[in-house]
Structures are given as structure tokens and as C-alpha cells.
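Enquirer: Chains as they are written, first to last, in my numbering: chain E, 135 to 307; chain P, 3 to 356. We put the beta carbon where it would ideally sit given N, CA and C, even for glycine.
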Amino acid sequence: MVLNLLKRPEGETLELARALERMRLDIRFCEQCFNLSDDHLCSVCKSPSRDEHTICIVKDFQDVIAIENTAQYNGQYHVLGGLISPVEGIGPQDIKIPQLIDRIKEKEVNEIILALSSTMEGDTTEFYIARKVTEMGVKVSTLSKGISVGGELEYTDEISLARSIKNRIEMKD
Amino acid sequence: MKITKLNLNFFKNHDALRIDIDSDIVGIYGLNGKGKTNVLDAIHFLCVGKSYFSGTDIQCIQHEAEAAGIIGIFEAEGTWEVKLVLQRGKRKKIEKNGKALPRVLDHLGQFFSVVIAPGDIELIYGANEKRRSFIDQMLSQTDKTYLQHLVKYKKLIEQRNAVLKSDYIDQALIQALDDQITPAVKYLHSKRQELFQFLIPLIQRFYDQLSKGREEIGVDYISGLNDSSYDELTHQNRRKDLALQRSNSGVHKDEIDFVIDGQALKKYGSQGQIKSFLIALKLAEYQYYVETMKVKPLLLLDDIFEKIDTERALALTEVIKNANFGQIFISDTEQERIEKFCKATEHSYQLEAL
Ligand SMILES: [Zn+2]
Chain E
135 MVLNLLKRPE GETLELARAL ERMRLDIRFC EQCFNLSDDH LCSVCKSPSR DEHTICIVKD
195 FQDVIAIENT AQYNGQYHVL GGLISPVEGI GPQDIKIPQL IDRIKEKEVN EIILALSSTM
255 EGDTTEFYIA RKVTEMGVKV STLSKGISVG GELEYTDEIS LARSIKNRIE MKD
Chain P
3 MKITKLNLNF FKNHDALRID IDSDIVGIYG LNGKGKTNVL DAIHFLCVGK SYFSGTDIQC
63 IQHEAEAAGI IGIFEAEGTW EVKLVLQRGK RKKIEKNGKA LPRVLDHLGQ FFSVVIAPGD
123 IELIYGANEK RRSFIDQMLS QTDKTYLQHL VKYKKLIEQR NAVLKSDYID QALIQALDDQ
183 ITPAVKYLHS KRQELFQFLI PLIQRFYDQL SKGREEIGVD YISGLNDSSY DELTHQNRRK
243 DLALQRSNSG VHKDEIDFVI DGQALKKYGS QGQIKSFLIA LKLAEYQYYV ETMKVKPLLL
303 LDDIFEKIDT ERALALTEVI KNANFGQIFI SDTEQERIEK FCKATEHSYQ LEAL
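1. Do you know whose CA, among A315(P), P299(P), I332(P) and T347(P), lies nearest V116(P)'s CA?
2. Are the stretch 187-201 of chain P and the stretch 220-228 of chain P in contact at 8 Å, needing three or more beta carbon pairs?
3. Does the stretch 274-294 of chain P come into contact with the stretch 103-121 of chain P, if we say contact requires no fewer than three beta-carbon pairs (one atom in each stretch) closer than 8 Å?
4. Closer than 9 Å between beta carbons: that is the criterion. Which residues of the stretch 203-230 of chain E meet it against chain P?
5. Give me the chain E residues within the contact set of K154(P), using Cβ-Cβ distance strictly less than 7 Å, ordered along the chain.
6. Can the beta-carbon of V106(P) be found closer than 9 Å to that of G51(P)?
7. DSSP puts G220(P) in a beta bridge; with which residues?
8. Just to confirm the assignment: which complete alpha helix (DSSP H) runs, minimum length 4, are found wholly within the stretch 208-273 of chain E?
9. Let me check you understand the geometry: is the CB of V116(P) closer than 8 Å to at least one non-hydrogen atom of ligand 1?
10. Check whether chain P comes within 9 Å of A264(E), counting only Cβ atoms and requiring the distance to be less than that.
11. Hey, how far is the Cα of L295(E) from the Cα of I246(E)?
12. Cβ of L214(E) versus every heavy atom of ligand 1: is any distance shorter than 8 Å?
13. Which same chain residues end up closer than 7 Å to M305(E) when comparing Cβ atoms and leaving out the 5 residues on each side of it in sequence?
14. Enumerate, from N- to C-terminal direction, the unbroken alpha helix (DSSP H) stretches of 4 or more residues contained entirely within the stretch 252-336 of chain P.
15. The beta strand (DSSP E) spanning E131(P) covers which residue range?
16. Considering only their Cβ atoms, is the gap separating M254(E) from Q177(P) smaller than 9 Å?
17. Quick one: measure Cβ to Cβ for Q210(E) and T188(E), integer angstroms, because I've assumed they're closer than 8 Å.
18. Taking the alpha helix (DSSP H) that F76(P) falls in, what are its first and last residues?
19. Answer with yes or no whether the minimum CB distance from T309(E) to chain P is below 9 Å.
20. Would L175(P) pass as an interface residue toward chain E - the criterion being a Cβ-Cβ separation below 9 Å?
21. Give a yes or no on whether 9 Å exceeds the smallest Cβ distance from Q139(P) to chain E.
22. For the stretch 3-16 of chain P and the stretch 261-275 of chain P, state whether three or more C-beta atom pairs, one from each stretch, are separated by less than 8 Å.
23. With 7 Å as the limit, tell me which residues of the stretch 182-209 of chain P have their beta carbon closer than that to any beta carbon of chain E; keep them in chain order.
24. Could you tell me which residues DSSP pairs with R20(P) in its beta bridges?
25. Could you say which of G128(P), H349(P), R133(P) and P185(P) lies nearest to D256(P) if we only look at CA atoms?
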């Protein structure tokens, strides 16, 4: 890439450099859902047409992109930024779970959809959130498993991801 | 199943060893230190992806060498070339007919071997861990679901222990782990119970053939899960878990004791009884694979004549002669003794000098 840039006119490269710099400075995290954003609220949280009573829990922003690409989901997100793994020293407090609990307390949330990878860490995080959130009287559902087996959501094809969002299963004790 | 070709490269003491095989019984003889056991270990390695005799893979790579390799041609419902490569600082690789397997665990369940070796005495005198891993090895080869639950269970217990060691213990997190441990531990426990029910009469049958005694053989399987659910156990052990900072409920705490006439074999069994028991246990393992997987495993007999008396050796020869074994590899220091054994079994045999 660098070699390629050197061949270009100087004005063009400077413009690109400025654009990159602007992008780097503008990128931040949504204050509500921790998705990537260029403002304190991301485009999903800002949109009046999105259902704010339904929150889909994902690990990172790539998962948001994958689900948005299906165009089958009209609720909001909550990006955890990681998964619980006590052996690696990552507990519930080290990812955005306390913020999720606060958000549910403040807003009228009816349903939580868990869309984490079906690894042991993903499952542990799902079971943990399910326990915490059902205590608060919120319905919890999970994507039908098997869709994300062997990989993260971003590798799942859109059709099966869309199907599993529609056919999500309610988690009960 | 049978092996028709075996190549070892820089595996333990063997720089380059080639054996072509066209017999039911292969007698390997040579002085101590020539690496007879290592040949048997290489065969076991090809079957299950790990050494029977060495704790780590690195110990199997020859000093100075960067890598070790084993290749075996198996006849087992078709011809299979199994290739195993051990490299320092890298993950071991297994190829089946030129195709690399994604994980070594995927290799389990097609090729079977049963080893009878002097070190098996550890199964009697060693810690419960030895006996647990012996039966886990058996079940993991015949039941993929068991293997999956076992791998997951071990990781979950590690996670649970890490929570118990942390400064702040989040009970909801313990619960989230227990939600996943519950189905796994239930499956593992029930399969272990079934296995013992299956094995005990088989051990008894082989024991009777090997010894002149009339002793009754038993296995005591002591598990918290015999009478309580995992949920009940974790409630009972809650304080203990917190005090010791590790999990005290589950199949990793199971105890397995071998019993003869109602008494602990390791305390009250004579040397002769223990030797017969161990061989009977391994022959029962063999029979378990025969009946559950419809295969005839390879039987690997390491230096058994050195350790067992003539009477028991003759009894074993009779068992082998009459039973329908697959291929047998046997190692010994003396050519004459091994040849006598091979002849007595009335099967085709070949001798390999190391
Ligand atoms: Zn947002």
C-alpha cells in the first residue's frame, strides 16, 4: 500500500491522510450501547424507528454489522466488548454487563436477545446475563444454536442468521 | 484390525525403523535399551494420538532432533495410512490418507489398541486420577458425546475454580457455570456407571481363566452423584468450595477401587492376584471395544513374561489361542521364550530383532 501511495500525486495522498486522521479522531463508542459511533449516540440508538424495548446482546461491533446486514432486526443493541472467562481474569464487571443492567433498570426493556458465539465463554456469558435479567422480569431469548457453531456471528451467512433471529428461543429455567 | 507397515523416524531411540508385517503375531526381541517398548508405544500413539508410556509429546522426540514421525498402514475396513508428526514448539499433526485432521481428538474412535505393560501396576496403587483417566480414555474412544462433555466439563471446572479463587465471588457466575456443568456431569456419571456394570462380569470371566482361584472380583465406584444430584452436591459443598477455593462436586472427585472378595485389592490382594487382575482388566477393555465398536483392537504386550510367572503366562497363551484377537505385538528380551509363545498360540507369526 505504501509503495502505491508514493506513486500518487502528493495532493491526493495528503487528502487521504487527512481523511484517515478525521476517521480515527471521530470514531468513538456509543454511550448507550457501546457500538462504534461518530457521535455520543450511534445511528441505531438515535433512530426513532427502532424498537427500544428490545435489546440484542452481542460481543463486538462486527456482530452488529452482521445482524444489520440481514435487515431482519428492528431493535437496539448492547455491545459487551468481550466474554466472561474467569481463567483469563475476565469477570462480568470487566465487560459492559453492569451498564446493561443499569440500562434495563432505566429503560422499559421487554426482551433481551442473546447473540453470542456458542463457545464455552459465550455460553457462560449468556447464562449469566439470563440469570441476572430474568430476576428483573425481562424476557430472555437466544438465537437457535447451531447457527454460530464453529465461528463467530460474522462468519455466519445472512440467511441462516436472519432465520435464527426470527426463530429465537425463549430461555426459561 | 491389522498393521502391515510401520515406520518410525526420530521417535524416542529409533532414528529410522521400518517393519513390514504380514502375520497375526509380531514378536519383537532385543536387549533392554534397544527400544522394544518404544515400538509398541508408537503403535499406540498412532491409534489414539498420544503416548502410553510418556507424559509429554516432547519426550517422544529424539534428543537433538527437531521432529519425530510415525507412519503406519492399517487394514481396518479399508486401507489407511496414518501419519503422525511431533514437532518441538508446535502442535502435533495427524494425517489420515494424506488428509490432515483439524484436531487430534477427531482421530479417536477408529483405531484401537490395548496395552498390557508392567507399569499398569499404577492402576492399582496409583491415585484415583489414574483410574479415572483409564476409563475416560475408554469411553472417549467409543462415545463422541462423552468426549465432548468431558472436554467441556474439564474447562468449566477450571473456570469455576478460577471464580472461587477470585477476591469477589459472584454467585450468579458460579450458577451460570453450574447451569452448563449440570447436563455434562450427569452424562459423564451415567456413562461411567454403565461402563462398570459392563466391565465387572468381563473382568471376572478373564480373571477366572487366568487364575486357579475362586475369588470374586468387584469395582467400587464411589461418586457423590450416586445418590445426589449435582445441584444438591454443590449446596452441600458450598462452604468447603469457598474454604478450599476449588470445586468439590462432580466426577473429577470420583473414586474407583478394585475389590477382591469384598476387600480392597491394593491392600489385601496377593502379588499373583494383582497380576491376574490387571491382565483381566486389560482383556476386559479389549472385549469392551470388540462389543461396542465391532472391531478387533491391536493387543500390545510389553515385556509380560519378565513380570508374570510361567503359570499365568501359559494361561494367557491359552486365552489368546482360544479368543478371537486381532493382531498381537509382543516384546521380550529372549528370542527363545518369545518364539515358544508365538508357536503356542497357533497363529501366523514373525520375529523382529532390535
Ligand atoms: Zn448505540
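Expert: Judging by the given coordinates:
1. P299(P)
2. yes
3. yes
4. I218, S219, P220, V221, E222, G223, G225, P226 and Q227
5. Identification of chain E residues near K154(P) by a Cβ-Cβ cut-off of 7 Å yields M254, ordered along the chain.
6. yes
7. V261(P)
8. 231-240 and 254-268
9. A distance criterion of 8 Å places the beta-carbon of V116(P) beyond contact range of ligand 1, judged by its closest non-hydrogen atom.
10. yes
11. 17 Å
12. no
13. A264, V274, S275 and T276
14. 267-270, 273-295, 306-309 and 312-324
15. Segment N130 to T144 is the alpha helix (DSSP H) holding E131(P); no beta strand (DSSP E) there.
16. no
17. 7 Å
18. Here F76(P) belongs to no alpha helix (DSSP H); instead the beta strand (DSSP E) covers A69 to E77.
19. Any answer about residue 309(E) is impossible in this case: the structure gives chain E only from 135 up to 307.
20. The beta carbon of L175(P) falls within 9 Å of a beta carbon belonging to chain E, placing the residue at that interface.
21. no
22. Flag = no, the stretch 3-16 of chain P and the stretch 261-275 of chain P do not touch.
23. The residues in question are Q182.
24. N9(P)
25. Nearest to D256(P) by C-alpha distance, out of G128(P), H349(P), R133(P) and P185(P), is R133(P).
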